[in-house]
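Heads up: the structure comes next, in C-alpha cells.
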Amino acid sequence: MTKAKLRKNLLDQRKNLDELFVQEASIRAQHHLMADDVWKKAQQVIIYSPIRNEVRTDLLLNDIWSSGRTLLLPRCDEELGQMSLVHCEGEHDLEEGTYGILEPRSHCTVIEYNSPSFTPSLIIVPGVGFDIAGNRLGFGGGYYDRMLHKPAFNHATFVGLAYSFQVVPALESDPWDQAMHALCTEEALRWL
Numbered sequence: 087m088t089k090a091k092l093r094k095n096l097l098d099q100r101k102n103l104d105e106l107f108v109q110e111a112s113i114r115a116q117h118h119l120m121a122d123d124v125w126k127k128a129q130q131v132i133i134y135s136p137i138r139n140e141v142r143t144d145l146l147l148n149d150i151w152s153s154g155r156t157l158l159l160p161r162c163d164e165e166l167g168q169m170s171l172v173h174c175e176g177e178h179d180l181e182e183g184t185y186g187i188l189e190p191r192s193h194c195t196v197i198e199y200n201s202p203s204f205t206p207s208l209i210i211v212p213g214v215g216f217d218i219a220g221n222r223l224g225f226g227g228g229y230y231d232r233m234l235h236k237p238a239f240n241h242a243t244f245v246g247l248a249y250s251f252q253v254v255p256a257l258e259s260d261p262w263d264q265a266m267h268a269l270c271t272e273e274a275l276r277w278l
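The sequence shown begins at 87 in the numbering used here and counts up one residue at a time.
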C-alpha cells in the first residue's frame, strides 16, 4: 500500500473514533509514558498539541508544569516550512489557534535551536502511523523530520504517541525520515 493510501486509511479510522475511546485510550497511553523513567528523568520536553483525534497530551502537560520542568510546544510556520519551539510555563500561555489547535500565545519565548540552553531530552511525536521498527508516517509536510534531524536533537529520546491501530508491521521509509526510539499506545510503552 502506498504512503498516501495508508495515510488516508489511518486518518479515516482516527477521524471516526468515538469520543469515549479517545479519552480512555489517551489516559492509558499517557499513564504508560509517565510510569517510565524516560519521562520521570526528562527535564526539557517537547510535546505536541493534539488535532483531529490524536492521542491527547493534557496529563503530560500538567505533569510537566506541576513538576517545574521545561515544556516546549511546536509552532508551524507554513511559509518557511519549519517548526519553531516555544516555551510554555502553564495553561495560561496557550490559546486556540487558527485550526482549533492550542498554541503558545505570541508573548511566549521562541527557543533557538542553537541556543546553549536548548537541551531537549524527550520529544513526544505525533504521527498518522508508525511501524514496529519506529518509522513514522506523518501528514506529509516533513516538519518533524526536518526538526528532529537538527544537531540539537542528537541526544534526545523520540517517543511516538499513537493508538494501537496506528502501528503497522512496516512502512516505506525515506533517508530523511527520523525513527522513534519507542512507541507508546493505550496498550503499552514499547522500546525499539
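Where is the CB? At the ideal position from N, CA and C, for every residue including glycine. These numbers were taken from a predicted model, which means no experiment stands behind them.
Within the region 208 to 271, the complete beta strand (DSSP E) runs of at least 3 residues fall at 208 to 211, 215 to 217, 243 to 247 and 268 to 270. The region 175 to 192 and the region 205 to 215 do not touch, with fewer than three beta-carbon pairs separated by less than 8 Å. Cβ contact annotation for Ala242 (same chain, cutoff 7 Å, sequence separation greater than five): Pro206, Ser207, Leu208 and Ile209, in chain order. Taking a cut-off of 8 Å for Cβ pairs, the region 112 to 120 and the region 156 to 170 do not touch, as fewer than three such pairs fall below it.
Close CB contacts of Leu146 within its chain, under the 6 Å cut and outside five residues either way in sequence, are with Gln116 and Ile133 (chain order). With 16 or more neighbouring CB atoms inside 10 Å of its own CB, Trp125 falls in the buried class. Distance check between Glu110 and each of His267, Asp263 and Ser250 places Ser250 closest, using alpha-carbon atoms only. For Glu189, the enclosing beta strand (DSSP E) has its first and last residue at Leu188 to Pro190.
In this structure, DSSP gives Met87 a state outside helix and strand, which the three-state scheme calls coil.
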